[in-house]
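A.B. asks: Mind looking over this structure? Questions follow.
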Amino acid sequence: MRGWLLFATLFPIALSTVFNYKLHESNDEEVNRCVANAIEQIQRETCLFWEDGDEDGDPVTFLQSGHCSWQASNKTVHLSPNCITDDTCFEILGKVADIEQPRRHISRHINIKFNCTEKCTTECQNGGVLDDECKCSCQYGFKGDNCEKLSRAHQFTDTTCGVIKAQQSGNIALSTHPDNYHKQTFCQWQIKTEDPWDVIELSFDDFDLDNDELPPGQHCNDLFYVYGAYGVENPIPCDGERPRKMRSESNWLLIELRTNPFSEKGHKGPEMRYQVVNTKSGIKTLSEEQTSVSTAVLSSLLPIAIAALRLL
Ligand SMILES: *[C@@H]1O[C@H](CO)[C@@H](O)[C@H](O)[C@H]1NC(C)=O
Ligand SMILES: *[C@@H]1O[C@H](CO)[C@@H](O)[C@H](O)[C@H]1NC(C)=O
1 MRGWLLFATL FPIALSTVFN YKLHESNDEE VNRCVANAIE QIQRETCLFW EDGDEDGDPV
61 TFLQSGHCSW QASNKTVHLS PNCITDDTCF EILGKVADIE QPRRHISRHI NIKFNCTEKC
121 TTECQNGGVL DDECKCSCQY GFKGDNCEKL SRAHQFTDTT CGVIKAQQSG NIALSTHPDN
181 YHKQTFCQWQ IKTEDPWDVI ELSFDDFDLD NDELPPGQHC NDLFYVYGAY GVENPIPCDG
241 ERPRKMRSES NWLLIELRTN PFSEKGHKGP EMRYQVVNTK SGIKTLSEEQ TSVSTAVLSS
301 LLPIAIAALR LL
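The letter at position 86 of the sequence shown is residue 86 when you use full-length UniProt numbering, and the numbering goes up by one with no holes.
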């Protein structure tokens, strides 16, 4: 051990966390490109270093197969042209580093776990984006160092507004429902879960908003928005069908209602129902190999353990 310590002190760079890997020779160009892009990104965002070659005799092998998975027992990443996306390739590298998170969280978790002190460990919530200074720049409706707060909460006019910690499913409507809402209602509901792999499906049982005497070109006198969902165009019209079912891009949705203060008739507002769906099955760790995961990870962590010793 003393020898290692001396070595570690003399050659600190060689002991930054290195993953040796090789691309199987039969892989398609498309598969290798996906791996190369993910490696380039992970090296930019974290302090992990990926080295092509099998000098240490036990590299991670990227192998084109019929599926996408991580087989820890023989350190093989299986990739198929049918399931590779930029996110899959990145998430699978996360798995190799024993970080089981969606794409947007992986680098931060790696930097915390591997003590990448010179890299960013800030987590931006609710769709906030990291800037070059490792600070979050928040999306509409959010504020705080990590975009963790609703920026307009002080304006809410109804007791049901605010963050809803989602269970499996639930209903959302104004407290006045099924009676008519008050004029000048301003409300946001943020449906949110703890598990980053969850997505939220939102459907509408009723959508009674002000569509009386619509001026030309206008599709609703109330303003209704849903942020954080796929393919939604805001504001959402209320002059036709109820909105179709929506699905969140991650584990939250932000819904906003601003009613028209000049409304002449009464309306009840929306009546919504949400359902939480877990999407964790995305990339598998091959199940028959589960028992050997820990040892494979341990051996891949050896260089870090040594680096940690150096600090003592
Ligand atoms: C790992 O095992 C799988 C079968 O379980 C095999 O297809 C693959 O080639 C192996 N990987 C290496 C690097 O030998
Ligand atoms: C990271 O640093 C902490 C304390 O600073 C230490 O306890 C831990 O073992 C380190 N982890 C690694 C992987 O080096």
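All C-beta atoms, glycine included, are put in the ideal place defined by N, C-alpha and C.
Since we're looking at a predicted model, the values are computed, not measured.
Would you call the segment 168-180 and the segment 242-249 in contact, with 3 or more CB pairs under 8 Å?
C.D. replies: No, they do not touch.
A.B. asks: Would you report the Cα separation of P81 and N32, rounded to the nearest angstrom?
C.D. replies: Answer to the nearest angstrom: the Cα atoms are 10 Å apart.
A.B. asks: Tell me the residue span of the beta strand (DSSP E) that contains Q188.
C.D. replies: Residues F186 to K192.
A.B. asks: Taking 6 Å as the limit, name every residue whose beta carbon sits nearer than that to some heavy atom of ligand 1, in sequence order.
C.D. replies: Those residues, listed in chain order, are T61, L63, Q71, N74 and T76.
A.B. asks: Where E233 and P216 are concerned, what is the direct C-alpha to C-alpha distance, given to the nearest angstrom?
C.D. replies: Using only the alpha carbons, I get a separation of about 19 Å.
A.B. asks: On a CA-only basis, which of C220, H219 and I236 is nearest V226? Give me that one, please.
C.D. replies: For V226, the nearest C-alpha among the options comes from I236.
A.B. asks: For T279 and D198, what's the separation of their Cα atoms in angstroms?
C.D. replies: When rounded, the distance between both Cα atoms is 6 Å.
A.B. asks: Enumerated in chain order, which unbroken segments of the alpha helix (DSSP H) with a length of 4 residues or greater are wholly contained in the segment 17-104?
C.D. replies: DSSP runs (the alpha helix (DSSP H)) wholly in the segment 17-104: 29-45 and 86-96.
A.B. asks: Do you know offhand how far Q275's Cα is from N20's?
C.D. replies: Each residue's alpha carbon lies about 42 Å from the other.
A.B. asks: Out of E148, K143, W189 and I164, which has the shortest C-alpha to C-alpha gap to T157?
C.D. replies: Minimum Cα distance to T157 is reached at W189.
A.B. asks: Under 8 Å: do the segment 58-65 and the segment 107-114 share three or more Cβ pairs, one atom per stretch?
C.D. replies: Counting Cβ pairs under 8 Å, fewer than three are found: no touch.
A.B. asks: Does the beta-carbon distance from I200 to A166 come in below 8 Å?
C.D. replies: The answer is yes: Cβ separation under 8 Å.
A.B. asks: Since C238 contacts N211 with CB under 8 Å, what's their CB separation in whole angstroms?
C.D. replies: Correct: roughly 5 Å between the Cβ atoms.
A.B. asks: If K183 sits next to S69, beta carbons under 8 Å apart, how far is it from one beta carbon to the other, in whole angstroms?
C.D. replies: K183 to S69, Cβ: 56 Å. No contact.
A.B. asks: Quick check: the Cα distance between R244 and H67, rounded to an integer number of angstroms?
C.D. replies: Approximately 33 Å, taken between the alpha carbons.
A.B. asks: DSSP has Y225 in a bridge; who is on the other side?
C.D. replies: Y225 pairs with E256.
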